Every structure is written in structure tokens, then in C-alpha cells.
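Have a look at the structure below before the remarks.
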Amino acid sequence: MSMEYVDLLRSRAKRYLESALNNLLSNRFDVAIVEAEIASQLALKALIAKIGFEPPRTHMVRQLFSFIIDNRLLPENMLNIIRNYVKKNREKLIILERARIVGQYGASDVDRDEAEIAVNTAREVLGVVEKLWEMVV
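Residue numbers for the sequence shown follow the UniProt record's numbering, so the first one is 1 and each next one is one higher.
Structure below.
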């Protein structure tokens with residue numbers, strides 16, 4: 001992976017999160033949750049690419065975390081950061097993963113609570129990725 005591609009994914013992730021926050025504030029909850037989920041997966045894919053691997057073609061945030069863990073792409077102390085985050089935030093990550101489907105294709109409206117959980121979880125995911133990003137040489 002070229003660093004240009006890695007940087008593109010990373011900057012897109014940040015822009016999607018920024019847009020998700022703006023849409024949350026504007027009560028566009030369906031758009032906010034879709035953008036939050038996209039931000040999370042792009043950030044994780046940027047990290048995987050930075051490490052030198054082809055990111056898997058999945059939209060599932062937990063699968064992207066698992067890809068890093070299962071393939072031992074990072075040192076053990078960094079993998080433990082991921083393990084602890086995923087274990088502690090499993091329910092919120094499931095809500096975030098459902099967000100794209102619900103926001104794009106759902107037959108019902110998305111409420112503020114679900115949107116806030118999705119956007120805040122995306123913010124946390126990007127925070128974890130940024131922490132790991134700085135640790136990767």
C-alpha cells in the first residue's frame with residue numbers, strides 16, 4: 001500500500017466523522033449513523049494498510065478489529081488495547097455496525113439516542129486507531 005492511499009483513507013475517516021457530528025447536530029440521524037460507521041471502517045482500514053496489509057473487504061468494524069488481532073499485525077501490547085476496547089464496548093460496536101444498514105435501508109426512522117451512540121462510538125474507534133497509529137513505526 002502506498003502511503004498516499006493510507007493517508008487518503010485516514011483523512012477520509014476524519015472527514016466522515018466530522019460530517020457525522022454535523023449531521024447529528026442537524027438532526028439528520030440516518031445520515032449521521034451511516035457516516036459514523038464509514039468513518040470507523042476507513043480508520044481501521046487505514047491502520048491495516050499502514051502496517052502493510054491489504055484491508056479485508058468488509059464493512060464490519062468488529063471484523064476489522066479481529067483481522068488485526070487474529071493475524072497478529074501489531075505487537076502484543078497494542079493488540080491488548082484493541083482486545084480491551086472491543087470487549088468493553090461490544091454492544092456499542094454492534095449498534096455502530098447495524099447503523100449503516102439501518103441508516104441506508106431501514107424501514108423505520110433512526111432516533112437521536114441510537115445516532116449519538118453510533119457517532120460517539122465512531123469517535124472512540126478513531127481515538128483507538130490514532131493511539132495505535134502513533135505507536136506504529
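We put the CB at the ideal spot given by N, CA and C, even for glycine.
Here the structure is a predicted model, which is why all the values come from computation and not from measurement.
- Count the other C-beta atoms from every protein chain shown that fall within 10 angstroms of the C-beta of Gln-104, then say buried if there are 16 or more, exposed otherwise. As a position in the sequence shown, residue 104 is number 104, starting the count at 1. So Gln-104 ends up on the exposed side.
- Query: Looking only at C-alpha atoms, which of Asn-23, Ile-38, Ile-33, Ala-122 sits nearest to Leu-9?
  - Reply: In the sequence shown, counting from the first residue as 1, residue 9 sits at position 9. Leu-9 has its Cα closest to that of Ile-38, out of Asn-23, Ile-38, Ile-33, Ala-122.
- Stretch-stretch touch, CB-based, cutoff 8 Å, three pairs: the region 9 to 29 with the region 80 to 89: no
- Buried or exposed for Ser-40, please, with buried defined as at least 16 other CB atoms from any protein chain shown within 10 angstroms of its CB. Taking the first residue of the sequence shown as 1, we reach residue 40 at position 40. Ser-40 counts as buried, since no fewer than 16 other beta carbons sit within 10 angstroms of its beta carbon.
- So what's Asp-111 in DSSP terms, helix, strand or just coil? By 1-based counting over the sequence shown, the position of residue 111 is 111. Coil, per DSSP.
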